[in-house]
Amino acid sequence: MNAFVAILRRDLRLALRQGADSVMVVAFFIVTTTLFPFGVGPEANILARIASGVIWVSALLAAMLSLERVFQTDYEDGTLELLTLSPAPLELLVLGKVCAHWLTTGLPLIIAAPVMAVMLNMDQDGFGTLMIAMLIGTPALSLIGAIGAALILGARRGGVLVSLLVLPLYIPVLIFGAGAVEAALLGISAQAQLQIMGAILLLSLAAAPFATAHAIRQAVE
Amino acid sequence: MTVFTGSDLTCLRGERLVFGDLSFSANTGDAVMLRGRNGAGKSSLLRLMAGLMAPRHGTIRWQGDDIANDKIAHRARLHYLGHQDAIKPVLTVRDNLRLWAELRGISDIDAEIDQALRAFDIHHLGKTAGRYLSSGQKRRTALARILLGQSDLWLLDEPTVGLDRESCAELARLIAEFRAKGGIVIYSTHVDLDIAAPIILDLDPFAIPMMEWLIEHDDEDANQHLSLDMDQGRTTEAAI
Chain P
590 MNAFVAILRR DLRLALRQGA DSVMVVAFFI VTTTLFPFGV GPEANILARI ASGVIWVSAL
650 LAAMLSLERV FQTDYEDGTL ELLTLSPAPL ELLVLGKVCA HWLTTGLPLI IAAPVMAVML
710 NMDQDGFGTL MIAMLIGTPA LSLIGAIGAA LILGARRGGV LVSLLVLPLY IPVLIFGAGA
770 VEAALLGISA QAQLQIMGAI LLLSLAAAPF ATAHAIRQAV E
Chain B
4 MTVFTGSDLT CLRGERLVFG DLSFSANTGD AVMLRGRNGA GKSSLLRLMA GLMAPRHGTI
64 RWQGDDIAND KIAHRARLHY LGHQDAIKPV LTVRDNLRLW AELRGISDID AEIDQALRAF
124 DIHHLGKTAG RYLSSGQKRR TALARILLGQ SDLWLLDEPT VGLDRESCAE LARLIAEFRA
184 KGGIVIYSTH VDLDIAAPII LDLDPFAIPM MEWLIEHDDE DANQHLSLDM DQGRTTEAAI
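Chains P and B, in that order, give the protein sequences. Per this note's numbering, the first sequence runs over residues 590 to 810. Per this note's numbering, the second sequence runs over residues 4 to 243.
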């Protein structure tokens, strides 16, 4: 457990000193969401209809944007090699890094999401469910994304590759995330969708650290 | 009883056979110096010893146990220094070292870091960010890492790169101290490090052609290659 805290604290300190990454993710999220009213026109009803989908798609893309750098810098400067050689289990270290990634990218997105929902004229009834769905969904995005981020280590044009690998895996989160908000807007209980998202989160929590650690061991060999 | 041994090691990098049928052994307090031309596999051998790579053939043992059986125990006893210094430009020297100390589960982290920094004469740089360090200072910070915590085995890949003469002498002194406590040091270097009575392991004689090794080990691959060769021979004959 100490190892988990150690790597989490170091990654948060790095993110704090560099700063740019989290700000960029949120800025990207806001800009992408803002593009839709320009594209589909300012009709309030249409915007309200597509709001939940737009927010989820933008959040997915924004989360993916930062994935390439999760392991890349550590890989390049030799840190990853030493992490695999540390007596702490690599799976635990991966979990620490993913947790740091979520705190620096997922959490800011959750805070920015309601603001974007207001801009897109989403009904107030959906706000609570949107934030709960994102609270369950974004950690799953970080966990699933980490597998892709580890698989592209050492590959050229990694950024493009990671999107091809990871985006298809994000589809279930998108379907049920947007579905939960839709249900809340229609006045139906969103419990079923949220429970399925919880299942996705638990599954990725159980599987992703092992898959990621394995991919890292392959990369540093 | 020899503590750290490897037998019949063969290392494959991609499609290339780096070395084959290599054996080594080291006792407590030994220093082993790896020698060989560029590409002879000094780094590869050190990575095999660390458990970063698995040998294609052969086993590495610590006190008789295959290191692949208990990787965690092996990692806890070794310190590895690679080509890269693994220093984060935005973190201070102290914060850079702190992670490795924490991962080793050291209890008195600050005291250990102080001691390691003093040993390499970089105590005054403790609060300096990594990006302001010279390459020699970075190397010394990376070397300070191997002093953290208890260890029985140092695997040093070109530890002297970027070091000035004083630091080299300091490193030699620390290696002697480590050996006196029963540690094993295995290193490769192109500079003369003042180390008492090292065992010299020359890698050049172990470079063998791929085909020869495959035939000797009677691998399925080799049989395939051979039968292919024979087929080709036959077709040429037929053509004639």
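Positions of the beta carbon are idealized from the N, C-alpha and C atoms, including for glycine.
Residues that residue i contacts on chain P, provided the C-beta gap is smaller than 9 Å
{"i": "LEU94(B)", "result": "ARG599, ARG602, LEU603, ARG606"}
Beta-carbon proximity of residue i to residue j, cut-off 8 Å
{"i": "LEU719(P)", "j": "PRO703(P)", "result": "yes"}
{"i": "LEU687(P)", "j": "LEU732(P)", "result": "The sequence as given places Val at residue 687(P); Leu does not occur at that position. Cβ atoms of VAL687(P) and LEU732(P): closer than 8 Å."}
{"i": "VAL614(P)", "j": "SER655(P)", "result": "yes"}
{"i": "LEU674(P)", "j": "TYR83(B)", "result": "yes"}
{"i": "ASP666(P)", "j": "LEU672(P)", "result": "no"}
{"i": "ILE187(B)", "j": "ALA29(B)", "result": "yes"}
{"i": "GLY32(B)", "j": "ARG182(B)", "result": "yes"}
{"i": "LEU25(B)", "j": "PHE209(B)", "result": "yes"}
{"i": "VAL93(B)", "j": "LEU603(P)", "result": "yes"}
{"i": "LEU814(P)", "j": "ALA637(P)", "result": "No statement about residue 814(P) is possible, as the shown extent of chain P runs from 590 to 810 and does not include it."}
{"i": "VAL683(P)", "j": "PRO757(P)", "result": "no"}
{"i": "TRP103(B)", "j": "ARG148(B)", "result": "yes"}
{"i": "ALA51(B)", "j": "ILE189(B)", "result": "The question names Ala, but residue 51(B) is Leu in the sequence shown. The answer is no: Cβ separation not under 8 Å."}
{"i": "PHE27(B)", "j": "CYS14(B)", "result": "no"}
{"i": "THR693(P)", "j": "ASP610(P)", "result": "yes"}
{"i": "ALA796(P)", "j": "LEU679(P)", "result": "no"}
{"i": "PRO162(B)", "j": "LEU151(B)", "result": "no"}
Closer than 8 Å to chain B by CB, residue i
{"i": "LEU794(P)", "result": "no"}
{"i": "GLU810(P)", "result": "yes"}
{"i": "SER655(P)", "result": "no"}
{"i": "LEU791(P)", "result": "no"}
Contacts that residue i makes with chain B (C-beta to C-beta distance below 7 Å)
{"i": "ASN591(P)", "result": "GLU105, GLY108"}
{"i": "GLU670(P)", "result": "LEU55, GLY85"}
{"i": "ALA595(P)", "result": "LEU102, GLU105, LEU106"}
Beta carbon proximity, residue i to chain P, threshold 8 Å
{"i": "GLN140(B)", "result": "no"}
{"i": "THR239(B)", "result": "Note that THR239(B) has pLDDT 46, beneath the 50 cutoff, so the model's placement of it is unreliable and no number is given."}
{"i": "ALA43(B)", "result": "no"}
{"i": "LEU159(B)", "result": "no"}
{"i": "LYS91(B)", "result": "yes"}
{"i": "ASP73(B)", "result": "no"}
{"i": "ASP113(B)", "result": "no"}
{"i": "ASP69(B)", "result": "no"}
{"i": "GLY9(B)", "result": "no"}
DSSP three-state assignment for residue i, whether helix, strand or coil
{"i": "PHE593(P)", "result": "helix"}
{"i": "THR727(P)", "result": "helix"}
{"i": "SER137(B)", "result": "coil"}
{"i": "GLY236(B)", "result": "Its pLDDT being 48, under 50, GLY236(B) is placed unreliably in this model, and the value from its coordinates should be taken loosely. Of the three classes helix, strand and coil, the one that applies to GLY236(B) here is helix, per DSSP."}
{"i": "MET653(P)", "result": "helix"}
{"i": "LEU217(B)", "result": "helix"}
{"i": "ALA199(B)", "result": "coil"}
{"i": "LEU268(B)", "result": "In the structure as shown, chain B starts at 4 and stops at 243, and residue 268(B) therefore has no counterpart that could be examined."}
{"i": "ALA772(P)", "result": "helix"}
{"i": "PHE799(P)", "result": "helix"}
{"i": "ALA242(B)", "result": "Annotation note: pLDDT 47 at ALA242(B) (below 50); position unreliable, no value reported."}
{"i": "THR192(B)", "result": "coil"}
{"i": "ILE116(B)", "result": "helix"}
{"i": "MET36(B)", "result": "strand"}
{"i": "ARG59(B)", "result": "coil"}
{"i": "ILE211(B)", "result": "coil"}
Amino acids of chain P, ordered along the chain, whose beta-carbon sits closer than 7 Å to that of residue i
{"i": "GLN87(B)", "result": "ASP666, GLY667"}
Closer than 8 Å to chain D by CB, residue i
{"i": "TYR190(B)", "result": "Although the question refers to chain D, the structure presented lacks it and instead comprises the protein chains P and B."}
Candidates the options, of which the one nearest residue i by Cα
{"i": "ALA76(B)", "options": "ILE125(B), GLY42(B), ALA53(B)", "result": "ALA53(B)"}
{"i": "VAL646(P)", "options": "LEU791(P), PHE618(P), PRO678(P), GLY695(P)", "result": "PHE618(P)"}
{"i": "LEU754(P)", "options": "LEU681(P), GLY737(P), ALA609(P)", "result": "GLY737(P)"}
{"i": "SER10(B)", "options": "ASP69(B), GLY133(B), ARG50(B)", "result": "ASP69(B)"}
{"i": "GLN661(P)", "options": "GLY717(P), ARG745(P), ALA677(P)", "result": "ARG745(P)"}
{"i": "PHE765(P)", "options": "LEU775(P), LEU756(P), MET723(P)", "result": "MET723(P)"}
{"i": "SER137(B)", "options": "HIS126(B), GLY165(B), LEU158(B)", "result": "GLY165(B)"}
{"i": "GLY67(B)", "options": "LEU49(B), LYS130(B), ALA43(B), PHE7(B)", "result": "PHE7(B)"}
{"i": "ARG143(B)", "options": "ILE198(B), ARG16(B), HIS193(B), ALA89(B)", "result": "ALA89(B)"}
{"i": "GLY39(B)", "options": "THR192(B), THR62(B), LYS184(B), ASP111(B)", "result": "THR192(B)"}
{"i": "PRO676(P)", "options": "SER46(B), ASP73(B), GLY17(B)", "result": "ASP73(B)"}
{"i": "GLY108(B)", "options": "ALA592(P), ILE789(P), VAL809(P)", "result": "ALA592(P)"}
{"i": "GLN140(B)", "options": "ASP98(B), LEU120(B), GLY185(B)", "result": "LEU120(B)"}
{"i": "ILE198(B)", "options": "ASP117(B), ALA145(B), GLU180(B), LEU217(B)", "result": "GLU180(B)"}
Chain P contact residues for residue i, given Cβ-Cβ distances below 8 Å
{"i": "ARG78(B)", "result": "LEU674, SER675, PRO676"}
{"i": "ASP98(B)", "result": "ARG599, ARG602"}
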